[in-house]
Each structure stands twice: as structure tokens, then as C-alpha cells.
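The block underneath contains the structure these notes are about, expressed in C-alpha cells.
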DNA sequence: GAATAATGATTGCATATTGCAAGTAATTCT
DNA sequence: AGAATTACTTGCAATATGCAATCATTATTC
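Chains as they are written, first to last, in this note's numbering: chain W, 1231 to 1394; chain S, 1231 to 1394.
Below is the structure:
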């Protein structure tokens, strides 16, 4: 019988949501950014000129959310839409000067929050955690791709998740 | 500069959300449960007779969400409200027979999903992960309690999180 | 080289979900 | 008893989300 509070996904969820809430309480009133806008901004910061589709992929958001997030960023003056190099269907977004300032400020807090978390873990453990999370990330992607129907049977004898 | 995809809270978030989505895709259409209703159900299953307030605490939901979740569970015939033993302000919820059946079915899938995840981690690593997550959970609670204002300074020389 | 299909992105609208003020009911305090 | 407190609920406005329909651009087919 399930015990929610010791269920791995729920434990991961709780930790991440608390931190995300704290970060959100900082940037939402200060800059008027929604959660998706912040996520989009941080993806664009790492991949200047990314298209909406690329952002979907990287940020784990659907195309509608990204479209609206981009609009929000543009309206707030934090990003520019550069309407494709060769193919004008692609959006191609990049941060404005002001966008970089805002990103850097939020980024800074994100870093401090991360440090507060990782402070309670030794660097050795942190390396192990990193490796474990990489595998869990892959495994979770597999679970998502197969859906709940794919989890009905016992442990598969051969490994079905061969990609990546 | 922040790299979202390697930011610990985001990595935890992605893993947990994927699993939660898969589970949700199972129980939502099948039983008409919302996410909060499912969380509430699983808390009540572990603590029969819990009050709404206790559920808030344990499920990480606010009082409104819990109130609505309880109503939903009662309307669906999955739970009963037992209106307090001595103090009739308290709600005191417990699952119905049908509620137990439903919980057990969802619980079962949750267990399989958990197993699919933990399959990629050795039992030794799992024990380490458990210990790390306990500490991260505490640390995140501290971060949340202090808010973003509490994260402005450099690393504190003495440990501020002395509780628990 | 038009007609057709496909792709990337956006918009509108219906439907949750959430946040918060106000409200009810039961209990405690003075 | 009357005021204050506690536990929970409700209503309503603001947000977010899901999805069909749409537009613009590029690819493909005949």
C-alpha cells in the first residue's frame, strides 16, 4: 500500500516545488513574470536564437505555453522575436539587454538557493546524486513515453529503453 | 549564470512531474479524481480519520484545496466525513469501501512506476539517495520558511537550520 | 507552377485551478 | 452570556491550461 510521503516521485516533487515557490515569490511580483515565462527566459538565455519548438523541448512546456510566454517576455521588454534566418516560420528569440539584467538577477538567487540545498550534501554525495538523477531522468522519460499502460506488467526481461 | 537543465530543483521537478503525469493520466479519466483529490486520498488512506488540517500539512496543500478535494471524494463515494468525535469542528475523513478499492488500484500503479524508476539505481545507491533526500527535504523546508530574503547573503558561518 | 500537404507558431474560447475575502459553525476564553 | 478563536466552507475574480481553428511559410506533388 502506497505511502505518499515516502514515495520517491513525491519526495522529489516536494523539494523542487518549495524551491520553485521561493524563486517565484521573488520574480513574479518584481518583474511580472509567470512561471512559464521564467522557464522560457532561462532556456533562451542558454540558447540565444532558439525557436519556440526548441524551447518546448528544453523547458518541458507545450507549444501554447511557450507562445504565450514569449509574448509576455516581448511585451515586458525582456526579449525580441527575430523571425527566422532562412525559414521565416521559425520564431528565433533572444533576450534584450534588460532581459539579461533580469535573468542575471533571478539567476543569482537561483544559485544561492541551490547552494543552500547542496550545502547539506558532501561533494562526494553530490557527484553520486548527479549520476543517480541522470539515470532517474532517463527512466522517467521512458515511463512517460510508455504511459501507464506500459507499467502494467512485471519487470521486463530485456531493456526496452535503448534510446539516448 | 544559471543553466536550468542542470539546476538541481529543476532536475528533481522534471522527474517527479513526468511520473505524476503518468499516474494522473491513469486515475483522472478512470475515477474522475483531480490531483489534489488523489493526494488527499492517499493521505487519508495512511491516516484514517485525519482532519482537513492534518491533510493540509501532510499533503502540502492549502486548506481550500483540501476542502474541495474532500468534497470531491465524498461526492464520488470514495470517502465519508465523520464530523468529529469530541470537537465537531474537525472534519475527520475516512475512505469508503469503494474508496479503498480505488486507492489500492492507483496505489498499485504508483508502486510499479516507483519500481521502474528505482530499477536503474542499485540498492546501495538507493539508501544513499534516501539519506540525501531527507536532508534536502529539510533544507528545502528551511529555504521556504526563510523565503528569498533569507537567501540574499553568503553562506552562513554557523548552521541556521537546527530544527528536526 | 499552381494545388496540396506539412510545419511552426498564434489565437480564441471553454474549462479547470488558484487565491483570497467573507461566511458558517463549533469551541474556548473572560 | 458575549467576544474571540479555531476549523472548515463558499463564492468570486484572476490565472492557467487544453484544444480546435487559424495564419504564414515552406515542401511536395502532379
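For every residue, glycine included, the Cβ atom is placed at its ideal position computed from N, Cα and C.
Residues in the same chain with beta-carbon distance under 7 Å from residue i, minus the five sequence neighbours each way, listed in chain order, please.
i                       : result
residue 1359 of chain W : 1351
residue 1307 of chain S : 1326, 1328
residue 1332 of chain W : 1261, 1308
residue 1284 of chain S : 1277
residue 1280 of chain S : 1273, 1274, 1323
residue 1292 of chain W : 1286
residue 1295 of chain S : 1266
residue 1330 of chain W : none
residue 1392 of chain S : Reliability fails at residue 1392 of chain S, whose pLDDT of 39 lies under 50, so the model's placement of it is uncertain and no value is given.
residue 1388 of chain W : Because the pLDDT of residue 1388 of chain W is 43, which lies under 50, any placement of that residue in the model is unreliable, and the question is left without a value.
residue 1394 of chain W : Any answer about residue 1394 of chain W is weak, because its pLDDT of 35 lies below 50 and its placement is not dependable; what the coordinates show is given next. Closer than 7 Å at Cβ, skipping near neighbours: 1368.
residue 1206 of chain S : Outside the displayed span of chain S (1231 to 1394) sits residue 1206 of chain S, for which this structure offers no information.
Give the single residue among the options whose Cα lies nearest to the Cα of residue i.
i                       : options                        : result
residue 1277 of chain W : W:1253, W:1323, W:1333         : W:1323
residue 1231 of chain W : S:1245, S:1334, S:1265         : S:1334
residue 1346 of chain S : W:1379, W:1263, W:1318, W:1357 : W:1379
residue 1248 of chain S : S:1348, S:1264, S:1269, S:1343 : S:1343
residue 1182 of chain S : S:1376, S:1267, S:1292         : Past the edges of chain S, shown from 1231 to 1394, lies residue 1182 of chain S, and the structure says nothing about it.
residue 1348 of chain W : W:1236, W:1245, W:1265         : W:1245
residue 1263 of chain S : S:1310, S:1377, S:1301         : S:1301
residue 1290 of chain S : S:1376, S:1371, S:1357         : S:1371
residue 1377 of chain S : W:1375, W:1377, W:1250, W:1317 : W:1250
residue 1362 of chain S : W:1356, W:1236, W:1365, W:1258 : W:1356
Quick one: which chain W residues come within Cβ less than 8 Å of residue i?
i                       : result
residue 1248 of chain S : 1370, 1371, 1373, 1374
residue 1381 of chain S : 1252, 1339, 1342, 1343, 1346
residue 1334 of chain S : 1231
residue 1242 of chain S : 1242, 1243, 1245, 1246, 1363
Given that residue i touches chain W, what residues does it touch there, using C-beta distances under 9 Å?
i                       : result
residue 1251 of chain S : 1374
residue 1261 of chain S : The premise fails here: residue 1261 of chain S is roughly 13 Å from chain W at the closest Cβ pair, so nothing lies under 9 Å.
residue 1324 of chain S : Within chain W, no residue comes near residue 1324 of chain S; the closest Cβ sits about 15 Å away, beyond 9 Å.
residue 1273 of chain S : 1234, 1235
residue 1312 of chain S : Ordered by position in chain W, no residue passes the 9 Å Cβ test against residue 1312 of chain S, which lies about 21 Å from the chain.
Hey, could you find the ends of the alpha helix (DSSP H) residue i is sitting in?
i                       : result
residue 1325 of chain W : Segment 1323 to 1325 is the beta strand (DSSP E) holding residue 1325 of chain W; no alpha helix (DSSP H) there.
residue 1315 of chain W : That residue, residue 1315 of chain W, is in no alpha helix (DSSP H); it is neither H nor E in DSSP.
residue 1381 of chain W : Premise fails: residue 1381 of chain W is in no alpha helix (DSSP H) and is neither H nor E.
residue 1370 of chain W : 1353 to 1376
residue 1246 of chain W : 1238 to 1261
Can you give me the Cβ contacts of residue i inside the same chain, cut-off strictly under 6 Å, excluding the 5 residues immediately before and after it?
i                       : result
residue 1339 of chain W : 1256
residue 1314 of chain S : 1320, 1322
residue 1367 of chain S : none
residue 1252 of chain W : none
residue 1288 of chain W : 1273
residue 1390 of chain S : Caution applies to residue 1390 of chain S, whose pLDDT of 44 falls short of 50 and renders its modelled position unreliable; the model cannot decide the point.
residue 1337 of chain W : none
residue 1299 of chain W : 1266, 1267, 1270
residue 1238 of chain W : none
List, in chain order, every chain S residue whose beta-carbon is nearer than 7 Å to that of residue i.
i                       : result
residue 1316 of chain W : Those do not exist, as residue 1316 of chain W stays about 27 Å from chain S at its closest Cβ, beyond 7 Å.
residue 1438 of chain W : Any question about residue 1438 of chain W goes unanswered here, given that chain W covers just 1231 to 1394.
residue 1235 of chain W : 1288
residue 1377 of chain W : 1252, 1255
Can you tell me which residues form a DSSP beta bridge with residue i?
i                       : result
residue 1280 of chain W : W:1323
residue 1309 of chain S : S:1325
Can you list, in chain order, the residues of its chain whose CB lies under 8 Å from that of residue i, leaving out five sequence neighbours each side?
i                       : result
residue 1386 of chain S : Unreliable placement is indicated for residue 1386 of chain S, whose pLDDT of 44 sits below 50; the coordinate value is still reported in the next sentence. Within the same chain, residue 1386 of chain S has no close Cβ partners at all.
residue 1243 of chain S : none
residue 1211 of chain S : Because chain S here runs from 1231 to 1394, residue 1211 of chain S falls outside it and cannot be looked at.
residue 1234 of chain W : 1240
residue 1373 of chain S : 1380, 1381
residue 1311 of chain W : 1300, 1304, 1321, 1322, 1323
residue 1236 of chain S : none
At 9 Å on the CB atoms, spell out the chain S contacts of residue i, in chain order.
i                       : result
residue 1239 of chain W : 1245, 1246, 1247, 1248, 1249, 1250, 1253, 1340, 1343, 1344, 1347
residue 1279 of chain W : Correct list: empty, because the minimum Cβ distance to chain S is about 17 Å.
residue 1358 of chain W : 1355, 1358, 1359, 1362
Listing by chain order, which chain S residues have their CB less than 8 Å from the CB of residue i?
i                       : result
residue 1292 of chain W : Under the 8 Å cutoff, chain S gives no residues; its nearest Cβ is about 12 Å from residue 1292 of chain W.
residue 1296 of chain W : Going along chain S, no residue has its Cβ under 8 Å from residue 1296 of chain W, so there is no contact; the nearest lies around 14 Å.
residue 1366 of chain W : 1245, 1347, 1350, 1351
Using 7 Å as the cut-off, classify the Cβ of residue i as near or not near the heavy atoms of the ligand GDP, replying yes or no.
i                       : result
residue 1364 of chain S : For the ligand GDP, the structure offers nothing, since it holds no ligand at all.
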